[in-house]
Amino acid sequence: MDLGLQGKAAVVCGSSQGLGRAIAETLAAEGADVVVNGRSADTLQSVAREISDRTGAQVEPFAADLTDPAGPETLVAAATRRFGRVDILVTNTGGPPSGPFESHSADVWRRAVAQNLESVVSLVRAALPGMKEQNWGRVVNVTSISVKQPVDGLILSNSIRAAVTGFAKTVSNEAAPHGVTVNCVLPGFTRTERLVHLAEANSERTGGTVDEAYAQWEREIPMGRLGEPDELAALTAFLCSERASYITGQSIAVDGGWIKGLL
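Just so we're on the same page, our numbering is the position in the sequence shown counted from 1, plus 56.
Right, here's the structure in full:
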């Protein structure tokens with residue numbers, strides 16, 4: 057299937073590793089020009105070079121801290137200067153700390169809101185006007201299965217990712233008449249650096265091992281295994297495509313069946 061992404065300009069946040077990198081590489085393989093983003097300029101240079109070598113796409117690195125109020129606008133402006141426009145925006149930030157409610161101070165909550173909610177709002181604020189002007193755009197927010205079924209020990213993610221979902225649904229309705237879709241993808245337990253950290257935190261709390269944490273998650277997943285980053289990336293690329301022009305305001309899980317609810 058031709059996704060119609062040849063020559064589209066994409067910004068993929070948090071793409072130095074994990075899910076973001078897999079999404080950036082998948083979009084590049086489909087013909088999109090991609091700006092990869094993270095905090096480490098050296099790491100991004102290497103990632104951009106590797107993705108470009110594998111796909112033949114134009115891949116540009118741009119280091120920016122998205123918790124800095126100026127970071128999102130600076131990133132979108134840099135991508136616009138490089139490619140003339142931003143057709144696709146994939147918001148993706150590292151997950152906030154795990155732990156029960158009592159373990160998180162007010163300052164931890166403020167940092168998590170800045171990282172996982174305010175950065176998304178600022179990125180969309182920077183990119184949406186250009187998309188509306190050209191009557192075409194795709195916004196995909198990487199959130200979490202926790203927005204549909206809260207995960208024990210992840211009160212920050214459970215709360216703040218849900219706020220992103222409400223924001224995305226509302227903006228999707230406002231942007232739809234302009235040919236812009238806004239959707240969320242919900243990764244389940246997926247083999248990334250984030251999952252390693254969660255397994256380590258889980259083992260500290262329970263006294264079990266990291267391997268036991270993985271085994272417990274696999275027992276909870278009907279497919280009996282963890283997800284792979286390229287599986288979420290494939291869905292994201294489709295939602296960014298011409299073929300997904302009538303899909304908006306949705307939150308779609310890639311979780312091996314972990315979520316128990318019907319919707």
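C-beta: ideal position from N, C-alpha, C; glycine also.
Between which two residues does the beta strand (DSSP E) carrying residue i extend?
i           : result
residue 307 : 307–310
residue 68  : 65–68
Considering only the alpha carbon of each residue, which of the options lies closest to residue i?
i           : options            : result
residue 197 : 275, 147, 214      : 147
residue 113 : 120, 105, 119      : 105
residue 243 : 120, 143, 289, 125 : 289
residue 123 : 162, 173, 141, 63  : 173
residue 69  : 111, 109, 183, 57  : 183
residue 72  : 163, 120, 62       : 120
residue 195 : 66, 162, 299       : 66
residue 278 : 261, 264, 245, 296 : 245
residue 127 : 209, 170, 161, 205 : 170
residue 239 : 274, 80, 292       : 292
residue 42  : 82, 81, 84, 76     : Lying before the first or after the last residue shown, residue 42 is absent from the chain, which here runs from 57 to 319.
residue 83  : 296, 98, 309       : 296
residue 228 : 180, 263, 204      : 180
residue 207 : 190, 158, 154      : 154
residue 226 : 186, 177, 156, 274 : 177
residue 236 : 192, 261, 298      : 192
residue 224 : 161, 150, 308      : 308
residue 258 : 210, 298, 160      : 210
residue 99  : 117, 158, 109      : 117
residue 167 : 212, 264, 59       : 212
residue 149 : 222, 92, 265, 300  : 92
residue 200 : 187, 186, 221, 190 : 221
residue 314 : 136, 160, 175, 205 : 205
residue 125 : 157, 108, 175      : 175
DSSP three-state call for residue i: helix, strand or coil?
i           : result
residue 242 : strand
residue 94  : strand
residue 116 : strand
residue 89  : strand
residue 121 : coil
residue 80  : helix
residue 126 : coil
residue 59  : coil
residue 74  : helix
residue 318 : coil
residue 107 : helix
residue 304 : coil
residue 200 : coil
residue 297 : coil
Taking only runs of the beta strand (DSSP E) that begin and end inside the stretch 132–198, which ones reach a length of at least 3 residues, in chain order? Assignment of beta strand (DSSP E) within the stretch 132–198, counting only whole runs of 3 or more residues, yields 144–147, 193–198 in chain order.
Go through the stretch 237–291 residue by residue and report every complete run of the alpha helix (DSSP H) that reaches 4 residues or more, in order. When DSSP assignments are scanned along the stretch 237–291, the uninterrupted stretches of alpha helix (DSSP H) that are 4 or more residues long and fall wholly within it turn out to be 249–262, 266–276.
Return the chain-ordered ranges of every alpha helix (DSSP H) run that is complete within the stretch 204–238 and spans a minimum of 4 residues. Within the stretch 204–238, the complete alpha helix (DSSP H) runs of at least 4 residues are 211–231.
Within the chosen definition, does the stretch 311–318 reach the stretch 79–99 through at least 3 CB pairs nearer than 8 Å? With the cut-off at 8 Å, the stretch 311–318 and the stretch 79–99 do not touch.
Below 8 Å, how does it come out for the stretch 208–217 and the stretch 271–286: are there three or more Cβ pairs, yes or no? Touching, no, given that fewer than three Cβ pairs across the two stretches are closer than 8 Å.
Cβ contact check for the stretch 263–282 and the stretch 237–252: 3 or more pairs under 8 Å: Output reads yes: the stretch 237–252 touches the stretch 263–282.
Give a yes or no on contact between the stretch 57–65 and the stretch 130–148, applying the rule of three or more CB pairs nearer than 8 Å. They touch, by the three-pair rule.
Decide if the stretch 226–243 is in contact with the stretch 304–313; the criterion is three or more beta carbon pairs, one per stretch, under 8 Å apart. The stretch 226–243 vs the stretch 304–313: in contact.
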